[in-house]
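Enquirer:
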Amino acid sequence: MSKQEYSRSPAPFLFFILLSVVFLVLALTNYPDPTAFIYGLLAALSMFPLPMTVAINKEWEEAIILRFGKFQRLVGPGFFFKWPYIETFLKQDKRIITLDISRQEVMTKDNISVTVDAVVFVKIVNTKDSLVNIRNVWDSVMKIAQTIMRDVVGEIELDELLARRDEVADKIANIVDRETSDWGVDITSVNLQTVELPEDMKRVIARQAEAEREKRAVIIKSEGELTAAENLERAVNKMSNRAM
35 MSKQEYSRSP APFLFFILLS VVFLVLALTN YPDPTAFIYG LLAALSMFPL PMTVAINKEW
95 EEAIILRFGK FQRLVGPGFF FKWPYIETFL KQDKRIITLD ISRQEVMTKD NISVTVDAVV
155 FVKIVNTKDS LVNIRNVWDS VMKIAQTIMR DVVGEIELDE LLARRDEVAD KIANIVDRET
215 SDWGVDITSV NLQTVELPED MKRVIARQAE AEREKRAVII KSEGELTAAE NLERAVNKMS
275 NRAM
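Residue numbers for the sequence shown follow my numbering, beginning at 35 and rising by one.
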């Protein structure tokens, strides 16, 4: 950020301090004149806005200053100053946020219904865009990630989803990152937590896996028997050659 955007000018604080001092001096100068009471009251009123000129951002926070509702500047962690009544501020958390994408039922490309959920890791990289361009950035990212996850899973077959889960998650993250480019966020990663199959599909896969195991067992057994027969044949031929 430029120094101008991160400006921490104490002008509002100093202005009200100076104003209070001026009224206090006038009150002391005009004492015991009745106007001294008025100047004293003005001095006290000038001190009243002082706490409203100072605010604090935590280490992981940034804030935008709005003057009469219009963006004025950006301030980072630590003390910052603002004009009371005419300036307000909105804070934004700059830490990585974890968003849980709730489970939803999705139909894969080969017409198999699966239940999928995910976790999205997202971070604010532009505080102004995250507050000005979108109303609720976290809720919006979660909803668009949920929609894109459903679309991406619907474009692939079940075997591909199960075998290439990390690649599918990366594809979702890239699309979400592209769609939210104007929101001031960076999608750090997307992790598919659960891919749950219907019970009947689980039984089919279990039977298929069992059949594959039985097939491998039969092949291994037949290969062993073939090897034993070949060894026996060589032994018989060798003994026959010796007898001759």
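Don't be surprised by glycine CBs; every beta carbon is placed ideally from N, CA and C.
1. Given residue 77, which residues of its chain have a CB within under 7 Å of its CB, disregarding the five upstream and five downstream residues?
2. Return the chain-ordered ranges of every alpha helix (DSSP H) run that is complete within the stretch 109-183 and spans a minimum of 4 residues.
3. Grab the span of the beta strand (DSSP E) containing residue 222 for me, first residue to last.
4. Contact between the stretch 190-200 and the stretch 159-176: three or more CB pairs below 8 Å?
5. Just to confirm, are residue 110 and residue 160 a CB contact at a threshold of 7 Å?
6. Would you decide whether residue 177 is buried or exposed? Buried here means 16 or more other CB atoms lie within 10 Å of its CB.
7. Tell me the DSSP secondary structure of residue 104 in three-state form.
8. Inspect the beta-carbon positions of residue 154 and residue 133 and report whether they are closer than 7 Å.
9. Excluding five sequence neighbours on each side, which residues of the same chain lie with their C-beta closer than 7 Å to the C-beta of residue 70?
10. Could you tell me the distance, in whole angstroms, from the CA atom of residue 112 to the CA atom of residue 179?
11. What are the residues that DSSP puts in a beta bridge with residue 88?
12. Let me know the secondary structure DSSP gives residue 201 once reduced to three states.
13. Under three-state DSSP, which class holds residue 51?
14. Using a 10 Å radius around the Cβ and a threshold of 16 neighbouring Cβ atoms, would you call residue 215 buried or exposed?
15. Is DSSP giving residue 299 helix, strand or coil here?
16. Let me check understanding here. Comparing Cα to Cα, which of 264, 265, 259 and 226 lies closest to residue 138?
Expert: The short version:
1. Excluding its 5 nearest sequence neighbours in each direction, residue 77 has C-beta neighbours in its own chain below 7 Å: 54, 57, 58 and 61, listed in chain order.
2. As far as the stretch 109-183 is concerned, its whole alpha helix (DSSP H) runs of at least 4 residues are 161-166.
3. The continuous beta strand (DSSP E) containing residue 222 extends over residues 219-230.
4. With the cut-off at 8 Å, the stretch 190-200 and the stretch 159-176 do not touch.
5. No.
6. Result: exposed.
7. Strand at residue 104.
8. In contact: residue 154 and residue 133 (Cβ atoms closer than 7 Å).
9. Here the set comprises 61 and 64.
10. Their Cα atoms are separated by approximately 33 Å.
11. Residue 88 is bridged to 115.
12. Looking at residue 201 - three-state DSSP - the assignment turns out to be helix.
13. Here residue 51 sits in helix by DSSP.
14. By the 10 Å Cβ count, residue 215 comes out exposed.
15. Outside the displayed range of the chain (35 to 278) lies residue 299, so it cannot be described from this structure.
16. Minimum Cα-Cα distance from residue 138 among the listed residues 264, 265, 259 and 226 corresponds to 226.
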